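Structure first, commentary second.
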Amino acid sequence: MNDLGLAASTWQRLRTGDLGVLPVAVVLVLIGLVFQALNPHFLSADNLVNLTQQAAATGVIALGVVLTLHVGQIDLSVGAVSGLAAAVVAVGSVQLGWPLWLAVLAALAVGVLVGSIYAALHTRLAVPSFVFTLAGLLVITGLQMRVLGPTGSVNLPFEWWLVRFCQTAFLAPATSWAIVALVVAGYAAGRVTDRVRRVRAELPVAPLWQVVARVVALAAGLSVVVAYLGTNRGVGAVFALFVGLVALTDLMLRRTRWGRFVRAVGGDAEAARKAGVPVRRVFVSAFVACSTLAALGGVLAVGRLAAANQGSGAGDTNLTAIAAAVIGGTSLFGGRGSAWSALVGILVVQSISTGLTLLNLDQSARLVVTGLVLAVAVTIDALQRRAREA
Amino acid sequence: MTGSTVPVLALLGVSKSYGAARALVDVDLQVHAHEVVAVIGDNGAGKSTLVGALTGALVPDEGEVLVDGSPVTLSDPSVARGLGIAAVFQDLALCANLDVVENLYLGHEAQRGPLLDEVTMEKHAWELLNQLAARVPSVRVPVAALSGGQRQAVAIARSLLGEPRVIVLDEPTAALGLRQTAEFLTLVERLRERGHGVLLTSHSLADVQAVADRIVVLRLGRTNGEFDAARTSYEELLAAVTGIQR
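Protein chains in written order, with our numbering: chain A, 41 to 430; chain B, 787 to 1032.
As structure tokens, then:
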């Protein structure tokens, strides 16, 4: 393929959204460079460590949103669910004296319950999800206030494991590097096995240099991140947990039957049903996973702030999580996207927020800019859909 | 070919009414292995009802459905599939965002441990499409990027996964252009060569004459003649379809 042909095919793939999260990752780098030019502290290891730590909790919520968007639905109550989960953890452990692990489990159970109710409403009554999750937003916010009681705010002791895990736990350098080595080795082994099997089956294979290049790029990318964050406090435990969840979800979406069913239902639920996909169960799994991840995000947030109050999960948490999923490139129209869009999307949103704060701009500027970026992302999503159908 | 052998699939005196409207009246029909049977008729002649009765989408009021000469009750499309009757409907029921392999195996994925076995599925997909002489640029492009004819080939290939003996195609050429129709007709010939019985409905007489062994004309729910495709003129068929006497 000559340069012109390559450029044309890349443009075509960009236009139809087949490049996945890559374009957004490029935008993320550009955002980083712009803010660095405006404030030399932006790309410092210290700031990036803070940024990743702050992104984790809402990122986990965004990962759940990615799943509901995949089946062509939306959950507008994820912020409220995270707030209720935070309240359950704090009130259960501090005021009622439950063991902390039990309070965390109870919070996650709340997520499972909420998701099950949404799924039942959707699959049995065919109510549009944006309506009943909006109703859920109100109900759950009310429940959160009731759980917190008249004081409205509960603090967690700083020495509790949840708080330490979310605030001060960082992977030891040896652990970080061992994980990098394992991930790279696992990825390389998977690629090579796949290639060998394809050659044996006489299927077309990518040239060997591409496989090598991908492995090297992954190793280099992970090494740079770990080494650079390592010059400060290192990779936060809570951020590592978030990235691990994203990677696991990505594997499940792309390489398991469940993931295929999720994408099929998001693309065309009726066709999927005719093909024998258990459509109802797929919807249930997506709604339950979304609410449970939202609850987990709330648990991580309560650990990070060492407190739960009426503001937990309120305000812009909801919209930030949903915006991150869409900005990361997961389509609002269902059936298209990637688990990685939760990571890239939340990093974009968090970078804008941190960058504007460093420039001494207040929350008003942050909301306006994030809103504009979301508008651009949705426009691109709509244009890509049109290009695919043309 | 239509001589003494037992038909794979047959209808015997089948009638079906919707309230006062009689969609099918005392219809007989036979499909043998290695045979392409076309059912033609104007809109409202009963083609869709006939397809429904053959594929288990509906149960006739009277008459019998026979598989290998034995009466069966096709209470559900899955029962029909279990008896070796596959159906490809006009909407094709493909997920446009999934690629060819993903669509072919949707609901029947091959697995290696907990993960999908893409290599096995992709290899089998190519074999199947090559047998049908279907021209698809890649089995890893989303179905949305394929032409109408290519999508149809994918839908038919999918119906072959269960190794059915009879394939029922409902209005397969309705949405196809001229070239795509020609490719489709080649594909139907491949199905016959593979030993399947094929029943297709159409209201395009020319398409049907090019590929069918036998042509059954439906008019107002009744069989209005059964013709040997090779020895029947377009005018005769047209007269049977429209009911105009010459």
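Glycine included, every Cβ here is placed at the ideal spot set by N, Cα and C.
Treat the numbers as computed from the prediction; the structure is a model and nothing was measured.
Look at the Cβ atom of residue i, then the Cβ atom of residue j, and state whether they are nearer than 7 angstroms.
i                      : j                       : result
residue 105 of chain A : residue 118 of chain A  : yes
residue 939 of chain B : residue 882 of chain B  : no
residue 908 of chain B : residue 297 of chain A  : no
residue 116 of chain A : residue 191 of chain A  : no
residue 151 of chain A : residue 131 of chain A  : no
residue 323 of chain A : residue 81 of chain A   : no
residue 64 of chain A  : residue 306 of chain A  : no
residue 983 of chain B : residue 794 of chain B  : yes
residue 863 of chain B : residue 843 of chain B  : yes
residue 129 of chain A : residue 147 of chain A  : yes
residue 827 of chain B : residue 1005 of chain B : yes
residue 184 of chain A : residue 123 of chain A  : yes
residue 68 of chain A  : residue 388 of chain A  : yes
residue 956 of chain B : residue 845 of chain B  : no
residue 914 of chain B : residue 943 of chain B  : yes
residue 301 of chain A : residue 158 of chain A  : no
residue 358 of chain A : residue 193 of chain A  : no
residue 849 of chain B : residue 799 of chain B  : yes
residue 954 of chain B : residue 825 of chain B  : no
residue 205 of chain A : residue 277 of chain A  : yes
Quick check on residue i - is its C-beta less than 7 angstroms from some C-beta in chain A?
i                      : result
residue 935 of chain B : no
residue 838 of chain B : no
residue 901 of chain B : yes
residue 929 of chain B : no
residue 905 of chain B : yes
Counting only C-beta atoms, is residue i closer than 7 angstroms to chain B at any point?
i                      : result
residue 57 of chain A  : no
residue 297 of chain A : yes
residue 243 of chain A : yes
residue 270 of chain A : no
residue 254 of chain A : no
residue 428 of chain A : yes
residue 204 of chain A : no
residue 237 of chain A : yes
residue 41 of chain A  : Caution applies to residue 41 of chain A, whose pLDDT of 46 falls short of 50 and renders its modelled position unreliable; the value that the coordinates give is listed next. Chain B contact via Cβ: absent.
Along chain B, in chain order, which residues have C-beta atoms closer than 7 angstroms to that of residue i?
i                      : result
residue 317 of chain A : 892 and 893
residue 359 of chain A : Simply none; closest approach about 26 angstroms.
Only counting the same chain, and skipping five residues up and downstream in sequence, which positions put a Cβ closer than 6 angstroms to that of residue i?
i                      : result
residue 373 of chain A : 425
residue 176 of chain A : 117
residue 936 of chain B : 922
residue 231 of chain A : 251
residue 417 of chain A : 366 and 367
Starting from residue i, find everything on chain A with Cβ-Cβ shorter than 9 angstroms and list it in chain order.
i                      : result
residue 879 of chain B : 308, 310, 311, 312, 313, 314 and 315
residue 888 of chain B : 300, 303 and 304
residue 897 of chain B : 296 and 297
Residue i by DSSP, collapsed to three states: which one?
i                       : result
residue 347 of chain A  : strand
residue 1022 of chain B : helix
residue 114 of chain A  : coil
residue 891 of chain B  : coil
residue 789 of chain B  : Any reading at residue 789 of chain B must be qualified, since the residue scores a pLDDT of 48, below 50, and its modelled position is unreliable; the value itself is stated next. Three-state result, residue 789 of chain B: coil.
residue 139 of chain A  : coil
residue 805 of chain B  : coil
residue 210 of chain A  : strand
residue 300 of chain A  : helix
residue 816 of chain B  : strand
residue 849 of chain B  : strand
residue 829 of chain B  : coil
residue 290 of chain A  : helix
residue 1034 of chain B : Since the first and last residues shown for chain B are 787 and 1032, residue 1034 of chain B lies out of range.
residue 988 of chain B  : strand
residue 87 of chain A   : helix
If you drop the 5 nearest sequence neighbours on each side, which residues of the same chain put their C-beta closer than 7 angstroms to that of residue i?
i                      : result
residue 97 of chain A  : 337, 340, 341 and 344
residue 791 of chain B : 818
residue 997 of chain B : 822, 971, 974 and 975
residue 286 of chain A : 103, 379, 380, 382 and 383
residue 906 of chain B : 896
Since residue i meets chain B, which of its residues come closer than 9 angstroms, beta carbon to beta carbon?
i                      : result
residue 375 of chain A : 881, 882, 883 and 884
Taking C-beta pairs closer than 8 angstroms, name the residues in chain A that residue i reaches, listed in chain order.
i                      : result
residue 909 of chain B : 241, 242 and 243
residue 876 of chain B : Going along chain A, no residue has its Cβ under 8 angstroms from residue 876 of chain B, so there is no contact; the nearest lies around 12 angstroms.
Beta-carbon within less than 8 angstroms of residue i's beta-carbon, same chain only, minus the 5 sequence neighbours each way: which residues are those?
i                      : result
residue 79 of chain A  : 395, 398 and 399
residue 88 of chain A  : 268, 269 and 272
residue 852 of chain B : 793, 795, 796, 797, 798 and 858
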